[in-house]
Each structure stands twice: as C-alpha cells, then as structure tokens.
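Engineer: Here it is: the structure, laid out below.
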C-alpha cells in the first residue's frame, strides 16, 4: 500500500481525510484505486479520461512529469502527493 | 629606553615610504596597490582614499590575513599624517607582507593635494541602534544593512501574506516598499491582515499599510498603488525598478500576470499561497530556475480552487507563509544563503509538517522555455477561465 496526500480542496470528497492508504504499483494505478474508492474525485482529477493537467503529482519529492508520468512505479510505504495550485493569498 | 619620537624615527628607517603624489599616480593603474586605512572609525567616515580597505590599527594584525590573504599584494598603508601607519607598515612586514609602503604625510597630505576622496555612506547613530541585531550578524553587517536600505521590494497584495511580509521587510529596513492593492480594509480582514487595524476600516489597504509601516520604521518609504495589477498598468508599475516581487495575490489571473512580467523583467518572485491550513511557498528566479508556469502550467477550474474568501484560512497561516516570503526576499537582497528557487515548501498547519518538492524549469514552458510562445501580455482572466484541455 502507498499513501496518498489529499489536498484541502479535495478533502470534502474523501470524508475530510488528509492522507489515505491505497493500492497500486504505479502512480496511475494508485490514482485509479483512489478514484475507485472515492468516485466523486473523478471529476476533480480527470479531464477527458486522463489526469488533468492542473493536478501536479509528486513522488519522492519529484513531479511525475519529470519521472515516467503515470507509469512511474510506486513502492510500498511511498507517499504520492496530489498538489493543485492554490490562488489564495489574502 | 627610547621615547616615542625616537621609536618612530627608528621604525621609519625600517620601512619604505611613498609620497601622496606618487601614490595618486598609481591609483588608476592596472597594478594599483591596495590602500589600507588604519585610522579610527570616525576618521574613516569623514572620508578616505577611493577603494581603500578599512581596518583599524587596533585589530590590524588580527584581521589583515583574513582580509588580504595574498601576502605578495602591494599595500600602501595610511593614517592621517603617516605616523600610526608607519608602525602598521612595520607590523605588516613582520607578518610576512612582502611589499608594504607607508604613505608619507598620510591622508592630510592627500587631501591638501586635492586628490579624490570617497565619503563613505554610514549609518546614523539611530540606525546603528535600530539595526544593531542585524549589524551583529556577519552575513548582514553594515554592508548588508546598507543593501537593505537601498533595496526596493514590490508587494502584490496588502492582505494575508502581504501583511506579515511587509511588516518584517519594513522592520528590517528595506528602504522602499511598493504595495499594490485595490481594496479597502474590511472587518473580515482583521483576523489575519495584521498590517491593518480596526480604526482603518474602510480605508484603502495601501494607505493603511503605508501608515503602519512608516510608523514602524521612518527609514522606509512606501509607494502605494491603489489599483488592481493588470496587463494595462503592469509596465508602468514595474518601470520604477524593483529588486524583488512578493506575490501575495488572491487570484490566478494576477499570479500568471506577475509571473510573465517578472520573467520578462528578470525580477525574482517570492511566491506564497494559502488555503485553510495549508501553505505553499517558493522562489521563481528568472534565468536561474523554474517560473510559476513551469510549476503550474494551467490553473485549476474555479470550483477546484476556492479563494480564502470562499473556503476560509486559519489566521496565523499567512503569518507563517508571509514571514517565510520575507525571509526569502531578505536573502535575495543580501545575496546570502540558499533561496527556495527550485524547491516548493508545503506547510500543513494541522499536522505541523513541512514537506518539500522539487520544481524544475520546463524547457517547453511557454514563457521561460527555450522557445517561448507567449512573449507579450495576454488576457489573463480569459486564460484562467478557459476550460482546461488535456495534457
């Protein structure tokens, strides 16, 4: 199982949890498992069946766009961070 | 036992001297010697030979090897008349400096001949007292404090992030602070926007901030821009020249606009954003690291990015993130430490955790990439409202 860090904007869809344990050997599989468990997340994370470009995903401190994208392997006890941009400053 | 005059005469026999006329001729040559001023600090502050190194006579032996490690470098030592510096020249020779001469007649003779003099900028006694804790830090010191006093920092937003950032920058003695904000102080701001206060309700935020900051530190000049930053006014505002921009905006169009303008003007941006219990902070340094578009190529749709007005924010959170922004800005001005460029800090106030992710420059970035597609201001509101396509 890997951990997924849920950003505050998505917590309403996962019962307020900040971190969830999900299964999957790749980043893509981890996110799919997450959406299977919490289908309301689909609209927030996917656009046209693919991971939306406004959602940044990090594994081991690196943006998966600089790794192998959704194919990036995820090992036991690693943490996937979902990170949308936040505009707030005031 | 030798008296002072006898001792001085004996020392002068052991050292070489140079006339002020000859020393002045050497001043602008490629192999000009280094002038070492060994007078008292108040004498130095009244004027010195251009380019001279100051180290008081008292700690000369202690400090000189750190200041001038190359012992073969030619040195001209001077005081006001050439006596104190004669002893200093002898001490330097004894320390192994190979080419040391004493300036005969000293600085008095230099001035009498009408040669160039530099009047150093010095802190006033009040500034020495005000910034004493900075002056004690080797990484800041008097030079660093002068840099801060000369610095110009532009704050986008006088709200949650802009409040603590501007307060600490003003307290630190950043000489010029520009503040852009079109809003007036509202009661709902005061839970976190600590640069304002209850008696300022209804007052333009930039004027309220100006009052607070200039009262905190009279060395600071606040330039208020009571307007919303737009593609139309950004060039006018940036024309004043800014060393650092602090982005504490509350919306995506402004953040993308700040980014594009900063890339084109080569101004580093200290970025902060907050929502509920979480904050993000990083530095975008044009030419050195990624820009905001490398990190977030597309803004999320509005329903996924509620503002603090819609979703709320813990009052202290902007205090923490805004203070980190002030810290980054001060380091950029001082040229000290490692900036957050290329690193995004994620702060979670509920768990009190600080995570860090790497941010890399995207060579395909439309603004800072190798072949930029966007080279002039766009309609940022439209850009942020356009439904996001696929990657």
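Residue numbers (our numbering), protein chains in the order written: chain A, 729 to 818; chain B, 106 to 496.
Yeah, the Cβ is synthetic: ideal placement off N, Cα and C, and Gly gets one too.
1) By the criterion of Cβ-Cβ separation under 7 Å, what are the contact partners of residue 786 of chain A in chain B?
2) Select from B:454, B:191, B:327 and B:381 the residue whose C-alpha is nearest the C-alpha of residue 110 of chain B.
3) Strictly under 8 Å for the Cβ-Cβ distance: is residue 412 of chain B near chain A by that measure?
4) Judging by CA-CA distance, which residue of B:166, B:186 and B:422 is the nearest neighbour of residue 148 of chain B?
5) Residue 811 of chain A: which of B:252, B:491 and B:463 sits nearest, CA to CA?
6) Quick one: residues in its chain with C-beta nearer than 8 Å to the C-beta of residue 804 of chain A, no 5 flanking neighbours on either side, listed in chain order?
7) Once the 5 residues before and after residue 150 of chain B are set aside, which same chain residues still bring their CB inside 7 Å of it?
8) Give the residues of chain B in contact with residue 790 of chain A, contact being defined as C-beta atoms less than 8 Å apart.
9) List the endpoints of the continuous beta strand (DSSP E) containing residue 352 of chain B.
10) Let me know the secondary structure DSSP gives residue 403 of chain B once reduced to three states.
11) Would residue 372 of chain B pass as an interface residue toward chain A - the criterion being a Cβ-Cβ separation below 8 Å?
12) Report the option in B:289, B:268 and B:287 whose CA atom is closest to the CA atom of residue 299 of chain B.
13) Quick test of your reading: residue 313 of chain B and residue 290 of chain B, contact by CB under 8 Å. State the CB separation rounded to the nearest angstrom.
14) Does the pairing of the segment 107–127 of chain B with the segment 425–438 of chain B give three or more beta-carbon distances under 8 Å?
15) Counting along the chain, where does the alpha helix (DSSP H) carrying residue 199 of chain B start and finish?
16) Whole angstroms is fine: what's the gap from residue 466 of chain B's alpha carbon to residue 370 of chain B's?
17) Which residue spans inside the segment 106–157 of chain B form an unbroken alpha helix (DSSP H) run of at least 4?
18) Under 7 Å, CB to CB, which of the residues in the segment 242–273 of chain B have a partner in chain A?
19) Would the beta-carbon of residue 257 of chain B fall within 8 Å of that of residue 348 of chain B?
20) If you draw a straight line from the alpha carbon of residue 457 of chain B to that of residue 281 of chain B, how long is it in whole angstroms?
21) Residues of chain B with CB under 9 Å from residue 759 of chain A, in chain order?
22) Can you check whether the CB of residue 331 of chain B is closer than 8 Å to the CB of residue 358 of chain B?
23) Does any CB atom of chain A fall closer than 8 Å to the CB of residue 409 of chain B?
24) Ignore the nearest five residues each way along the sequence and tell me which others in residue 105 of chain B's own chain have a CB closer than 6 Å to its CB.
25) Please list, in chain order, the residues of the segment 306–323 of chain B that have any C-beta partner in chain A closer than 9 Å.
26) Does the segment 779–797 of chain A come into contact with the segment 376–383 of chain B, if we say contact requires no fewer than three beta-carbon pairs (one atom in each stretch) closer than 8 Å?
27) Residue 800 of chain A CB to nearest chain B CB: under 8 Å?
28) Residue 346 of chain B: buried (16+ other C-beta within 10 angstroms of its C-beta) or exposed?
29) Return the chain-ordered ranges of every alpha helix (DSSP H) run that is complete within the segment 252–337 of chain B and spans a minimum of 4 residues.
30) Whole beta strand (DSSP E) runs in the segment 432–491 of chain B with 3 or more residues, listed along the chain?
31) Residue 794 of chain A versus chain B: which residues are under 7 Å apart at the beta carbon?
32) Name the residue from B:355, B:128 and B:338 whose alpha carbon lies nearest to the alpha carbon of residue 216 of chain B.
33) Could you have a look at residue 389 of chain B and say whether DSSP puts it in helix, strand or coil?
34) On the three-state DSSP scale, how would you describe residue 784 of chain A?
35) Grouping DSSP H, G and I as helix and E and B as strand, with all else coil, what is residue 378 of chain B?
36) Return the CA-CA distance between residue 795 of chain A and residue 294 of chain B, expressed in angstroms with no decimal places.
Structural biologist: On the basis of the data shown:
1) 462
2) B:191
3) yes
4) B:186
5) Selected option, being the one with the closest Cα: B:463.
6) Excluding sequence neighbours, residue 804 of chain A sits near 729 and 730.
7) 225 and 227
8) 462 and 463
9) Segment 349–352, the beta strand (DSSP E) holding residue 352 of chain B.
10) coil
11) For residue 372 of chain B, the closest Cβ of chain A is not nearer than 8 Å.
12) B:268
13) 5 Å
14) Contact fails: fewer than three Cβ-Cβ distances are below 8 Å.
15) Start and end: 189–199.
16) 17 Å
17) 109–119, 125–132 and 146–150
18) 262, 264, 265 and 266
19) For residue 257 of chain B and residue 348 of chain B, yes; Cβs fall inside 8 Å.
20) 34 Å
21) Correct list: empty, because the minimum Cβ distance to chain B is about 14 Å.
22) Pairing residue 358 of chain B with residue 331 of chain B gives a Cβ-Cβ distance that is not under 8 Å.
23) The beta carbon of residue 409 of chain B sits closer than 8 Å to some beta carbon of chain A.
24) As displayed, chain B neither begins before 106 nor continues past 496, which places residue 105 of chain B out of reach and without an answer.
25) none
26) no
27) Using a CB distance cut-off of 8 Å, residue 800 of chain A does not count as an interface residue toward chain B.
28) So residue 346 of chain B counts as exposed.
29) 267–277 and 310–321
30) 448–453 and 458–463
31) Near residue 794 of chain A (Cβ distances below 7 Å), the residues of chain B are 465.
32) B:128
33) strand
34) strand
35) strand
36) 42 Å
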